[in-house]
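Which chain is which? The protein sequence lines are Y and P, in order. Heads up: the first sequence begins at 17 in this note's numbering, then just goes up one per residue. Heads up: the second sequence begins at 38 in this note's numbering, then just goes up one per residue. Every residue, glycine too, gets a C-beta built ideally from N, C-alpha and C. Note that the structure is a prediction, hence the values are computed from the model and not measured. Below is one structure, written out as structure tokens; comments come after it.
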Amino acid sequence: MMKTNNLILQTATKILLFVIVLFSIYMFFAGHYEPGGGFIGGLMTSGAIVLLLIAYDIKTVSKALPFDYKKVVGVGLLFATGTAAGGLLFGKPLLTHWFTYVDLPLLGKTSLHTAVLFDIGVYLVVIGTTMTIIQTIGESE
Amino acid sequence: MSLLHLAIISPLILALFIPLVHKTVSKIHTGWFLLPLPVALFAYFLSFLGDAIGGQAIMETLAWIPSLGIDFSVRVDGLGLLFALLITGIGSLVVLYSIYYLSMEKEKLNQFYVYLLLFMGAMLGVVLSDNFIVLYAFWELTSFSSFLLIGYWNHRERSRYGAQKSMLITVFGGLAMLGGIILLYLMTGTFSISATVAMAGDIVGHSLFIPALICILLGAFTKSAQFPFHIWLPDAMEAPTPVSAYLHSATMVKAGIYLVARLTPVFAFEGLWIWLVGGIGLLTLFWGSFSAVKHTDLKGILAYSTISQLGLIMSLLGVGAAALHFPEMEDGYFAVAVTAAVFHLINHATFKGSLFMVVGIVDHETGTRDIRRLGGLMTVMPITFTLALIGSFSMAGLPPFNGFLSKEMFFTGMLRAQEIGLFNMESFGLLFPVVAWVASVFTFLYSMIIVFKTFTGKFQPEKLEVKPHEAPIGMLISPVILVSLVVIIGLFPNLVAPLIESVMASILPPLLAAGHDFDVHIYHWHGLSPELFMTIGVILAGILLYKFMPKWAGIYNRMPEKFSLNSFYDKGLENIQRGAAKITDAYMTGSIRSYLLYIFTFFILSLGITLFLKDAFVLDMSHVAEIRAYELVLAVITAVAAISVLLAKSRLSAIILLGAVGYSVSLFYVVFRAPDLALTQLVIETVSVALFLLAFYHLPKLGKNIEDTRFKAGNLIISIGVGAIVTLIALSAHSSKMFDSISQYYIENTYKKAAGENMVNVTLVDFRGFDTLFEITVLGIAALGIYSLIKLRMTRGREQ
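Following this line, the structure appears as structure tokens:
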């Protein structure tokens, strides 16, 4: 990638990164009730990492985030298929979800939903795929 | 899940643990951990014997895909039980034998036993399933495990060749069989085998009946190595000998016979069935025994011998099927052929299994199986010699062994075939006993070759790589047990008579309904019957041919290699591969532009023609809302940006303009109140602009390659075509409402059923979760694809 000294961008990125990632996590959890979800959350997290890539270079970023994104894809698929198959254990058809409401301290009445687990799978696959592609193309010079 | 289901899949379960056991307990031969299972299963299946002989079938059902009528139903009747006993019984002996045959130090035992267990489970599934689809699944699993076992010594080129050959031929047949099963389903509406058998009378004469019959027979014939599909079996002999003894003589190759026997009541009323099964069986019987004589490899002889014996059983089943046409016939006049088939099936498993093990011993102790190098082993290996002698004499049909009894009965069946008087049998029926007799002469001949060329004559230790000696006791136990069965059944054949009766009840159930019971009595002495003279003739002719073999064996060289089935197979395979490569190369040019050209041309043509033919274009503006000013502005911006992309002078500005198109589209989503879509589109645009910037370095400068006008005109036509088609479809889709919108359902149920408020997301993860599951799978595959494409190119570049 580019080897330029982008002090303003780099400084801004350091702060913005956390804002974007936090926002993407919020987006992910909000998905069931408001706009958001695994796809958007995953894309937004990837967007944050892409911002890092633009501000710094690929080597620095892969040192800071030493993930093998191919494995992230695998873990994500495992989450999704695992949740999907979970219903089978209880004699329900594939992809039967289950939910309940619990009272948590501070948060109040909260719903717990297995769809979130499925969505984590989506979230991880989206990050993994995007970053695998970007990283491979970026590295291939 | 019942105990019976568990019994069938228990080998598959054990297979999961074998690698673990092999790794942790490396001091003990892995086979010992395996052995208890087939023995226990054998004992378990023996407990069904009483019920089966009493004419009762045990049925257990486990729902698998009930909505499609596919259940894992298991049915134990006489026929299934006989096979289950063979699979587990011979299986136990083979495992025991393999413990001594396969060296613990040199072989990858974990793989071997996993494959073997896989096969055992699959085979049990084939013979005990009462559902066609389940049977088919297990059937393919046997082909698959056979492939793995033949290719077990995968460093050998011949092993890989044999494995591939068997796989291609048997899977071809398996797929044909699946077609037959589906055709049967179309006629009967059920996948249940017993229900299909019960409906047999109703479907004769249906237009799909003959195609179904042929498809099913293709499956049976390929599996049971019937002419002309037999060519895979000799090459399958590259497998370790325990495997040949188990799969390729006693069990798997009999799956086809099982299928024919099982479906005899369904198809027997069609003359074609009798002709095909009987005729092809007879042809295989002759060709196998005739070809066996020319071979010098002991396993090669046994392979052709197995082919021929399978043909024998097949032809008997074909002729025996005629019995169903004469339900009034007393004392099973034609059904005797079926009795002979079942009896010979049992006998063949005993003598052929023992012969394979004997050949394995010879190979193991001398280092060769070539009869030109062997000879005079009688004094060195007396026990092995005795085993070979009894096995071969039984195979040749000599008294007092069991092969003699079933061979006599086989002659009876064949002699009666000419009296059937149906389907031109009166004119061609004479062929049956004549061919049977000639084939038996050759059978006698190769049986003698196996014993006498190996064990008598001049001992040639100089031609052997190792100094031969008698096999270890462990290796002898299994063949000794089998040979004892040969003798015991030979002396007291009526011990197995009740089992044969119950098997016949499964093959010919309509006869049972007509008030018959199969009273099987097997006699040694029938008086001076034609069968006896035929046997004497076989022996005399066989001895003569054996004596003067050098004089006439030249005829085998007369057959040109060029026209053999094997060269036909090899050439065919080669041509298919070459043809496929040619076709692929013709359109897979490696240029993305060509691929887009194919895709878009197809898109335009298929959709355009459909639109035109179906007269599907409608334009209905009645419920269109008013276009507001800012929508118009957005549309103009989008269009201007899109057109500017084409006119852009540099790639960087093209990328930015493309981004502008994407962002303005996402603004449309905002305007039309689809926040989820808008968000996704925004982030996608951002990420893909970044991606473009990354790829930017690798791309050539815009406008560098000077393209001619024709090229540009082609691009223009295609892009306008795609745009026009999409616009037309979008307008028509909006104008015509063929169904009620599904959105009302989601509006009502999103909160009620899925406890969510964001309809889009609930649809994604819950209502249409299956779509999402596959979408993310595709995403993952795409990522891996791009990764491997780029990484492969990089490593190749580095190598150069």
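Contact set between ALA819 of chain P and chain Y, taken where Cβ atoms lie within less than 7 Å: THR145
Tell me whether GLY58 of chain Y is buried or exposed, calling it buried when 16 or more other Cβ atoms sit within 10 Å of its Cβ. buried
Cβ distance (whole Å) where PRO546 of chain P is taken to contact VAL234 of chain P below 8 Å: 7 Å
Counting only beta-carbon atoms, is SER156 of chain Y nearer than 8 Å to chain P? yes
With DSSP run on the structure shown, which of helix, strand or coil describes HIS285 of chain P? helix
In chain order, what residues of the region 112 to 128 of chain Y put their CB closer than 8 Å to some CB of chain P? HIS113, PHE115, SER127
With the cut-off set at 8 Å, would you say GLY397 of chain P and SER352 of chain P are in Cβ contact? no
Partner residues on chain Y for ALA792 of chain P, Cβ-Cβ distance less than 7 Å: Those within 7 Å of ALA792 of chain P in chain Y are PHE115, SER127, HIS129.
For the beta strand (DSSP E) that SER701 of chain P lies in, which residues bound it at each end? SER701 of chain P -> not in any beta strand (DSSP E); alpha helix (DSSP H) instead, spanning 688 to 708.
How big is the Cα-Cα spacing for ALA386 of chain P and HIS401 of chain P? 22 Å
Can you list the residues of chain Y that ALA89 of chain P reaches, using a CB-CB cut of under 9 Å? Chain Y residues near ALA89 of chain P: none, gap ~33 Å exceeds 9 Å.
Output needed in chain order: residues of the region 800 to 811 of chain P with a Cβ under 7 Å from some Cβ in chain Y. LEU801, VAL802, ASP803, GLY806, PHE807, THR809, LEU810
Would PRO75 of chain P be called buried (16 or more neighbouring beta carbons within 10 Å of its own) or exposed? buried
Using a Cβ-Cβ cutoff of 7 Å, what residues of the region 709 to 727 of chain P are near chain Y? List them in chain order. Shown in chain order are the members of the region 709 to 727 of chain P whose Cβ falls below 7 Å from a Cβ of chain Y: PRO712, ASP713, LEU716, THR717, VAL720, ILE721, THR723, VAL724, ALA727.
Can you find the residues in the same chain that come closer than 8 Å, C-beta to C-beta, to ILE45 of chain P, ignoring five residues on each side of it along the sequence? VAL111, GLY158, LEU161, GLY162, LEU165
Where the beta strand (DSSP E) containing ARG112 of chain P begins and where it ends: 107 to 113
Leaving out five residues on either side along the sequence, give the residues of the same chain with a beta carbon under 7 Å from the beta carbon of SER543 of chain P. ASP114, GLY115, LEU116
Going by DSSP, which residues form a beta bridge with THR98 of chain P? DSSP, once it has assigned bridges, lists P:SER110 as partnering THR98 of chain P.
Beta-carbon of LYS789 of chain P versus every beta-carbon of chain Y: anything under 8 Å? Not an interface residue.
Please confirm whether ILE338 of chain P and ASN603 of chain P have their CB atoms less than 8 Å apart. With contacts defined as CB atoms closer than 8 Å, ILE338 of chain P and ASN603 of chain P fail to qualify as a contacting pair.
Check this for me: beta carbons of PHE838 of chain P and ALA425 of chain P, under 8 Å apart or not? Here chain P covers residues 38 to 837 and nothing more, so residue 838 of chain P does not appear.
Just reading off the beta strand (DSSP E) that THR116 of chain Y is part of, what are its end residues? 115 to 120
Name the two residues that bound the continuous alpha helix (DSSP H) containing THR423 of chain P. 419 to 433 is the span of the alpha helix (DSSP H), which, as asked, contains THR423 of chain P.
Look at VAL575 of chain P and VAL503 of chain P and say whether their C-beta atoms are less than 8 Å apart. no
Span of the beta strand (DSSP E) holding LEU128 of chain Y? 124 to 129
Report yes if the CB atom of LEU731 of chain P is closer than 8 Å to the CB atom of GLY154 of chain Y, and no otherwise. yes
Exposed or buried, LYS584 of chain P, counting other C-beta atoms within 10 Å across all chains shown (16 or more means buried)? exposed
Let me make sure I understand the geometry here. Which of P:ILE102, P:LEU644, P:GLU142, P:ARG665 has the alpha-carbon closest to that of LYS64 of chain P? P:GLU142
List, in chain order, every chain Y residue whose beta-carbon is nearer than 9 Å to that of THR814 of chain P. LEU93, ALA96, THR97, VAL141
Taking only three categories from DSSP, how would you classify ASP334 of chain P? strand
Rounded to whole angstroms, what is the Cα-Cα separation between LYS749 of chain P and LEU684 of chain P? 13 Å
Where does ARG830 of chain P land, buried or exposed, given buried means 16+ other C-beta within 10 angstroms? exposed
Using a Cβ cut-off of 8 Å, pull out every chain Y residue sitting near MET831 of chain P, in sequence order please. SER156
How many angstroms separate the CA atom of MET17 of chain Y from the CA atom of ILE56 of chain Y? Confidence in MET17 of chain Y is poor, its pLDDT being 47 and thus under 50, which makes the residue's placement too unreliable to answer from.
Using a beta-carbon distance below 8 Å, is ILE827 of chain P in contact with chain Y? yes
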